[in-house]
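Below: the structure, in structure tokens.
Structure below.
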């Protein structure tokens with residue numbers, strides 16, 4: 688309930704995804720009683736074939752009459768919404784890209800800092816493929832666990848909007864972005880393990 692020029696107005700319900708979603712709908716008798724100075728109508732709902740649009744525009748153009756179809760009006764509302772979604776998705780994708788590059792750098796540095804440990808394991812009989820399997824398994828566990836935790840947390844945050852949209856994601860590219868995180872992490876791990884496996888064993892052990 689709020690005060691609109693001395694008239695108390697009570698909102699009963701909201702219209703979602705409708706041509707009236709930016710308007711207030713009120714009974715004509717109540718409107719004329721509350722606002723008697725308002726004359727005429729500003730909107731007309733016309734039920735007819737699309738062919739009537741051009742004749743009405745031509746005949747009533749001097750009065751500022753403009754015919755807009757229901758599809759065009761809804762598309763205009765969705766265009767604004769989709770612009771915001773695309774903007775935030777682009778910013779989120781950029782942040783995810785930077786985070787993925789940072790994740791790869793951290794995993795690469797982690798393996799490089801363990802090169803002495805890996806060289807010692809090679810000296811006691813471990814083969815390079817064994818070390819590769821160990822490092823990849825450790826990083827895969829961290830990557831998958833982190834991705835699942837982040838995805839579940841994000842799903843909980845967007846669950847109301849997700850259900851309101853009928854249980855459909857707004858864009859399938861989100862799944863590709865989530866998939867890019869573990870893929871980039873695994874690629875960084877493979878590069879680091881390959882570099883460490885090719886390092887001279889004797890020099891690394893002497894440094895240890």
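Numbering (the working numbering), first residue to last: 688 to 895. In this text, a Cβ means the ideal position worked out from N, Cα and C, and glycines have one as well. Treat the numbers as computed from the prediction; the structure is a model and nothing was measured.
Note on geometry: alpha-carbon atoms of residue 750 and residue 785 lie some 55 angstroms from one another.
For residue 756, the closest of 846, 766, 740 and 745 by C-alpha to C-alpha distance is 740. Ranked by Cα distance from residue 703, the options 768, 738, 714 and 747 are led by 768. Between residue 872 and residue 805, the C-beta spacing is not below 8 angstroms. Between the segment 865–880 and the segment 812–827 there are three or more inter-stretch CB-CB distances shorter than 8 angstroms, so the stretches are counted as touching.
Look at residue 696 here: in three-state DSSP terms it is strand. According to the DSSP assignment, residue 805 belongs to the alpha helix (DSSP H) that extends over 802–810.
The residue among 754, 742 and 820 with its C-alpha nearest the C-alpha of residue 732 is 754. In the structure shown, residue 880 adopts helical secondary structure according to DSSP, grouped into three states. The beta carbon of residue 794 sits closer than 6 angstroms to those of 826, 872, 875 and 876, all from its chain and outside the five residues before and after it, given in chain order. With fewer than 16 other CB atoms across the displayed protein chains lying within 10 angstroms of its CB, residue 796 is exposed.
If you draw a straight line from the Cα of residue 811 to the Cα of residue 866, it comes to about 37 angstroms. Boundaries of the alpha helix (DSSP H) around residue 742: 740–747. Residue 709 holds the alpha-carbon nearest to the alpha-carbon of residue 765 among 709, 882 and 862. Per DSSP, the unbroken alpha helix (DSSP H) holding residue 721 starts and ends at 715–721.
Here residue 712 carries a coil assignment [DSSP, helix/strand/coil]. Going by beta carbons, residue 868 and residue 823 fall outside the 8 angstroms limit. Distance from the Cα of residue 882 is smallest, within the candidate group 848, 818 and 839, for 818. Judged by DSSP in its simplified three-state form, residue 706 adopts coil rather than helix or strand. The beta carbon of residue 834 sits closer than 8 angstroms to those of 865, 868 and 869, all from its chain and outside the five residues before and after it, given in chain order.
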